[in-house]
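Numbering-wise, the sequence shown is residues 6 to 201 according to my numbering. Cβ coordinates follow ideal geometry from the N, Cα and C atoms, glycine included. Predicted model, so just to flag it, every value in this text is computed and none were measured.
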Amino acid sequence: MDLMNKMFRDFLDTFVIVFIDDILIYSKIEAKHEEHLRMVLEMLRANKSYAKFSKCEFWLKQVSFLGHVVSKSGVSVDSAKIEAITSWLRPSTISEVCSFLGLAGYYGRFVEDFSCIATPLTQLTRKEAPFLWSKVCEDSFQNLKQKLVTALVLNVPDGSGSFVIYSDASKKCLGCVLMQQGKVVVYASRRLKSHK
């Protein structure tokens, strides 16, 4: 991964994303995309690295990448992950709760007030807390599953308009949403610890 990041350092977050040995090339217009693709392939050749043609996909209008679907509409949760979430059985151990929260938390930016909704489940994972699955835990679990299944497509920000942040706070949680041109870019939330 370090080799790939060094190789493409001038292109990263401009028109290239690298994850381990996966290279994602993106462009706003086709003419630029052809140029970007050529630059990446030339860089690979110059560094005696090669892309296996059978693993390459070109000129896609949408792509699944790291559990997300990226398209001109924005970023959404990959349908394969939605299937995993909807079929998740009720956790019966702390380890299972942690696994569910890990998967769900990866998509937390798609869910308004994620941390507040997840609070009953995160409280189950405390060292001193006994594992008692209550109605509140069940409601939290089902609510998170539902919110993740119906998650919005997040807008990809661009330089064409200003951003607006809406925020909310309670004694237990903080939450905000970043918007651009009336569309959600990302949700963020945090549960407050007792000492904050």
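- Residue state for Val141 is assigned as helix, using DSSP reduced to three classes.
- By the neighbour-count definition (other C-beta atoms within 10 Å, threshold 16), Gly113 is a buried residue.
- Of the other Cβ atoms in all chains shown, fewer than 16 fall within 10 Å of the Cβ of Asp173; this residue is therefore exposed.
- Counting the other CB atoms within 10 Å of its CB gives Cys61 a total below 16, which places it among the exposed residues.
- Every unbroken stretch of the beta strand (DSSP E) spanning 3 or more residues and falling wholly within the region 47-110 is given here in chain order: 67-70, 73-76, 79-82.
- Within its own chain, the residues whose Cβ lies closer than 7 Å to the Cβ of Asp83, once the five positions on either side in sequence are excluded, are Ser69, Gly72, His73, Val74, listed in chain order.
- Residues Lys176, Lys177, Cys178, Leu179 of the same chain have their beta carbon placed closer than 8 Å to that of Leu197, with the five preceding and five following residues left out of the count.
- In this structure, Val189 lies away from Ser81, with their beta-carbon atoms at least 8 Å apart.
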